[in-house]
Structure formats: C-alpha cells, structure tokens
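For the sequence shown, the UniProt record's numbering begins at 1 and goes up steadily by one.
We put the beta carbon where it would ideally sit given N, CA and C, even for glycine.
What you are looking at is a predicted structure, and each value in this text was computed from that prediction instead of being measured.
Here's the structure we're looking at; comments come further down.
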Amino acid sequence: MLAIPRLSQCTARTLSMTSSLLKEKKSTSSANVEFGDDGLPKDYKLKTLRAGSRRLDTFVNRATGQSSSEVVKLIMQGKVRVNEEVYTKKAYNICQDDVIEVWKSPFADNNSLANVERTEIVAYEVTDQGYNIEVKSWKNFLSDNWRSSQ
C-alpha cells in the first residue's frame with residue numbers, strides 16, 4: 001500500500017483559502033477591467049456630455065462639473081490647455097479630436113509633471129437641444145507641467 005502524507009488541518013485550510021482568494025481576485029479583476037486594442041487596460045471613461053454650445057467654457061463646465069465662474073477663472077489663469085496650447089479665451093469652439101487638459105496641481109515627486117483632468121473629444125452631433133459630445137475622460141492624468149515656471 002502506498003503511503004500518502006496527510007496535510008495538517010492548518011496547511012489544508014491555508015491552501016483552500018489561498019486558492020479561493022486567487023479565484024476571487026481573478027474573477028473580480030477581469031470582470032471590472034476593459035482592455036484596449038493595444039492590450040493595456042483602459043483607464044478612461046467613455047461619456048456623452050450634453051451642452052448648449054461647443055464653447056470651451058461650456059465644455060469644461062460639463063466635463064469637470066465645476067461652476068461657470070470657477071471655469072472662467074481656470075481659463076483666465078492659464079490652467080486650461082487645448083491640444084497642448086494654453087487658451088485664455090473662453091470663446092474657443094471645441095472640435096473633434098481636440099484634447100482638453102485642466103491643470104489641477106504639480107506632481108508631488110516631480111515638478112516638471114502635473115496632475116490634470118484630461119478629456120479627448122471623440123465625436124459630437126448637433127441635436128434640437130444643443131450638442132451631444134462623446135468624450136474619453138481621465139480624472140487623474142499625468143502630463144507635462146506647463147505652469148511650472150509660474
């Protein structure tokens with residue numbers, strides 16, 4: 001007769017718990033994460049924003065949820081950038097493929113980088129109520145710090 005070593009109860013319970021935790025982690029992580037064409041996890045949200053116009057101030061208001069007066073201050077202070085160019089006029093009309101970044105703060109470990117809220121215009125359509133603007137939105141995005149000299 002072949003002798004099979006018995007696992008202690010503690011070891012068997014640990015193996016069982018580890019196995020179930022790994023299965024749980026694998027199922028939750030793969031269920032909540034979408035992957036892009038490049039195989040990397042998507043870290044943005046696709047949204048449709050509704051706005052009365054395509055003006056920069058209106059768009060930033062809808063994209064960030066900040067009040068109109070706060071948005072005007074951000075634009076006038078040079079904290080809003082469109083396609084890597086700072087805009088201080090709120091009347092710019094956003095276009096498809098524009099990338100809008102709203103400066104939040106310098107990155108703690110490297111002042112040449114900044115934490116920004118980034119939005120990329122995927123498409124927009126004109127409706128009876130205004131515009132439906134499809135966007136990719138990143139709440140926390142690391143970008144170059146265009147305000148580092150200020």
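Member of Asp109, Val126, Ala123, Ser105 whose CA lies at the smallest distance from the CA of residue 152: No statement about residue 152 is possible, as the shown extent of the chain runs from 1 to 150 and does not include it.
Practice prompt. Look at Val80 and Leu74 and say whether their C-beta atoms are less than 8 angstroms apart.
Written response: Their beta carbons are under 8 angstroms apart, which means Val80 touches Leu74 by this criterion.
message = DSSP three-state label for Ser143, please.
response = Correct three-state label for Ser143: strand.
Review point. Can you list, in chain order, the residues of its chain whose CB lies under 8 angstroms from that of Lys89, leaving out five sequence neighbours each side?
Key: Same-chain partners within the cutoff: Leu56, Ile75.
Q) Taking the DSSP output, what are the residues bridged to Glu34? A) DSSP output for Glu34 lists no bridge partner at all.
Under the rule that 16 or more other beta-carbon atoms within 10 Å means buried, what is residue 153, buried or exposed?
Any property of residue 153 remains undetermined from this structure, which presents the chain solely from 1 to 150.
Residue burial classification, Ser20 (beta-carbon count within 10 angstroms, cutoff 16):
Any reading at Ser20 needs caution, since the residue's pLDDT is 45, under 50, leaving its predicted position unreliable; the model's value is listed next. Burial call: exposed.
Give the straight-line distance between the Cα atoms of Arg50 and Lys136, rounded to the nearest whole angstrom. Distance between the alpha carbons of Arg50 and Lys136: 14 angstroms.
Practice prompt. Would you identify the three-state DSSP class for Ser53, choosing helix, strand or coil?
Written response: Coil, per DSSP.
Legend entry - Euclidean distance between Cα positions of Glu84 and Trp103: Our two residues, Glu84 and Trp103, have alpha carbons roughly 12 angstroms apart in a direct line.
- Query: So Ile100 packs on Val60, CB below 8 angstroms; how close in whole Å?
  - Reply: Confirmed, about 7 angstroms.
Exercise. Can you name the residues that DSSP bridges to Gly65?
Worked result: Bridge partners of Gly65: none, in fact.
Delimiting residues of the beta strand (DSSP E) encompassing residue 156:
One cannot answer for residue 156 here, as it falls past the ends of the chain, which runs 1 to 150.
Looking at the secondary structure, which residues open and close the beta strand (DSSP E) in which Lys104 lies? Start and end: 99–107.
Below 8 angstroms on the Cβ atoms is my guess for Tyr124 versus Arg62; work out the distance and round it to an integer in Å.
Between the beta-carbon of Tyr124 and that of Arg62 there is about 12 angstroms, and that puts the pair past the 8 angstroms contact cut.
- prompt: Rounded to whole angstroms, how far is the Cβ of Asp43 from the Cβ of Trp138, which I believe are closer than 8 angstroms?
  reply: Between Trp138 and Asp43 the Cβ distance is about 7 angstroms, and since that is below 8 angstroms, they are a contact.
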